[in-house]
Every structure is written in structure tokens, then in C-alpha cells.
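**Student:**
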Amino acid sequence: MNYFLAKTDPDTYGIDDLVKEKITTWSGVRNPQAVNVLKSMKRGDTVLIYHSQGQSAIVGLASVVGSSRPDPKDSKSWLVDFKFIKKFKEPFITLADIKASKKFDNLALIKQGRLSTIELPAAFINWLKQKGLSL
DNA sequence: GCCAACGTTGGC
DNA sequence: GCCAACGTTGGC
358 MNYFLAKTDP
368 DTYGIDDLVK
378 EKITTWSGVR
388 NPQAVNVLKS
398 MKRGDTVLIY
408 HSQGQSAIVG
418 LASVVGSSRP
428 DPKDSKSWLV
438 DFKFIKKFKE
448 PFITLADIKA
458 SKKFDNLALI
468 KQGRLSTIEL
478 PAAFINWLKQ
488 KGLSL
């Protein structure tokens with residue numbers, strides 16, 4: 358079981374939309390590096406949903422269902438289905454929190470600000486658990 | 001809303 | 001294949 362982070366602009370599609378929809382197909386990721394991350398997602402993996410607008414923060418959890426597949430409408434994009442798990446009452450961990458910890462300067466979220474899907478290392482997950490997140 | 005950083009496109 | 005011009009993302 359692996360952990361990933363998926364960024365989204367809440368004005369376009371936010372955690373509240375996922376709450377309503379229960380299951381959604383993540384689409385429109387075209388950056389080759391981000392597409393590779395999507396391709397490596399497997400059923401049962403956990404996806405931390407991150408809002409990249411407003412207060413930049415992890416706002417909820419989803420899990421990967423079904424299998425990832427090419428987008429029939431867009432050869433550069435790749436599709437993965439996410440199922441809603443939970444929405445945090447408060448943004449759980451903000452970008453500012455992560456930066457302030459000084460522990461994750463090498464995390465793609467910090468280092469490659471524009472990468473929209475990221476595989477998360479165990480060290481980061483452990484840190485989140487320490488902060489009280491049950492994963 | 002601004003703009004820096006970065007990704008993509010297209011002409012050569 | 002290089003790189004200038006352009007477009008987009010995301011933090012502030």
C-alpha cells in the first residue's frame with residue numbers, strides 16, 4: 358500500500374465535490390512526470406487530497422479504486438478513480454506546517470511546486486501519523 | 001490579482 | 001535538438 362498526494366484547485370474540483378460524488382475520475386493531468394505517478398497508483402492506495410488554492414493544505418483522504426487507464430479523449434492524460442474516505446474538519450496539515458518542520462525540503466511538494474501528483478515517502482507518512490492522522 | 005518558477009511549443 | 005516566446009501553476 359502506497360501513499361500519494363493529489364493537488365487540486367478547490368474552485369475547479371475540491372474535497373467538497375468529492376464528498377458529494379463519492380467516486381470521481383481524476384483527469385486532466387498531462388505533465389509526463391505527474392502522469393507517471395498516476396500510472397504507479399494501485400487499487401487500495403491512499404491519496405491525500407491537497408488544495409492548492411486558499412490555504413494550501415491537506416484537506417482529506419481518498420483511496421484508489423478500479424485501475425488506472427489511458428484517457429481515450431486525451432493521449433497525454435491518464436485516468437484514475439478515487440473514492441472518498443474523509444474530509445478533515447480543519448485543513449489537517451498546511452504547506453506552511455510542512456515547511457516549518459524543516460524535515461521535508463526534499464519532498465516533491467516543496468522542491469517541485471508545480472508537480473500535481475506526488476508519491477509520498479514513508480518518512481512523511483510517519484510524520485503525519487505523529488501529528489495525529491490515522492492512516 | 002500578481003508574478004516567479006517552471007513547463008510546453010514551435011521556428012529554426 | 002536548441003532555445004526564445006509563450007502559457008500555466010500555485011503561493012502569497
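This note's numbering runs 357 ahead of the 1-based position in the first sequence.
We put the beta carbon where it would ideally sit given N, CA and C, even for glycine.
1. Kindly list the residues whose CB is nearer than 7 Å to the CB of residue 412, restricted to its own chain and excluding five residues on each side of it in sequence; keep chain order.
2. Tell me the residue span of the beta strand (DSSP E) that contains residue 420.
3. For the alpha helix (DSSP H) that contains residue 476, what are its first and last residues?
4. Out of curiosity, what's the CA-to-CA distance linking residue 490 and residue 442?
5. Cβ atoms of residue 395 and residue 437: under 8 Å apart, would you say?
6. For residue 425, I'd like the list of residues in its chain whose CB is within less than 7 Å of its CB, leaving aside the five on either flank, ordered along the chain.
7. Examine the Cβ distances between the segment 458-467 and the segment 372-387 and report whether three or more of them are shorter than 8 Å.
8. Report the three-state DSSP secondary structure of residue 386 (helix, strand or coil).
**Tutor:** According to the structure data:
1. 448, 451
2. 414-427
3. Where residue 476 is concerned, there is no enclosing alpha helix (DSSP H), although the beta strand (DSSP E) it sits in stretches over 474-477.
4. 13 Å
5. yes
6. 395, 396, 398, 435, 436, 437
7. no
8. coil
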